[in-house]
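Numbering (the numbering used here), first residue to last: 756 to 990.
Backbone N, C-alpha and C fix where the C-beta goes; we use that ideal spot for every residue, glycine too.
Please read these numbers as outputs of a predicted model, since none were measured by experiment.
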Ligand SMILES: [Zn+2]
């Protein structure tokens, strides 16, 4: 019986290796997707900063046009002043000119602010561009590593599956079916050692009969609680 247990333990070990390698392989596309998502987010951030900078510049150009319009208006008023002989009309035009000049001054102050803002925005774009470039290089490297890891895992998995088939061949069909049935239902392990009279699969105390049967190694003993195969671990 100890031979069967030994074969089952080898089988279980190889099963676990196949499971682990399969899960690692399945995780690679997830890691790749996560990299692509981060890269896309960073690109979106850069585009947003560029849009912000363009908006500042567009606003400033609009103000520049406003100033130009007002300067034209002042020129027009001055021409009108030269043509009029009425004092009150001259004074009214003077008033309009002063108002336009004041508005030009205010607008130019805002323009200066926007110029400073544009400079800041341009710097932010440059910083983000550099960060994106660095991140793109990092992502390219990570992708290459992942692809290398994937190839390695695939090779290991093929080998592990071969070893698993070999291990299955060492166990009789009925026991193999029993082992597979337990593994499907328990998901983790099908055969576990008894430690201090306890099934290490479910941590339930085994009956004295089960323990003595396991010790005798005349048959495969199942845990009374979880149904996993339990075996007596000789020191
Ligand atoms: Zn158990």
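Between ligand 1 and the CB of residue 959, the shortest heavy atom gap is smaller than 8 Å. Here residue 968 is buried: its Cβ has 16 or more other Cβ atoms, across all protein chains shown, within 10 Å.
Per DSSP, reduced to three states, the secondary structure at residue 808 is helical. For residue 773, the three-state secondary structure derived from DSSP is helix. Under the three-state reduction of DSSP, residue 944 is assigned to coil, being neither helix nor strand. Excluding the 5 residues flanking it on each side, residue 865 has same chain C-beta neighbours closer than 8 Å at 818, in chain order.
For residue 976, the CB contacts under 8 Å within the same chain, skipping 5 residues up- and downstream, are 965, 968, 969, 984, 985 and 986 in chain order.
In the three-state reduction of the DSSP assignment, residue 953 falls in the strand class, which pools E and B. Residue 946 and residue 903 have their C-alpha atoms some 35 Å from each other.
The beta-carbon separation of residue 901 and residue 783, rounded to 6 Å, stays under the 8 Å limit for a contact. Shortest Cα-Cα distance from residue 758 to any of 944, 927, 838 and 792 involves 927.
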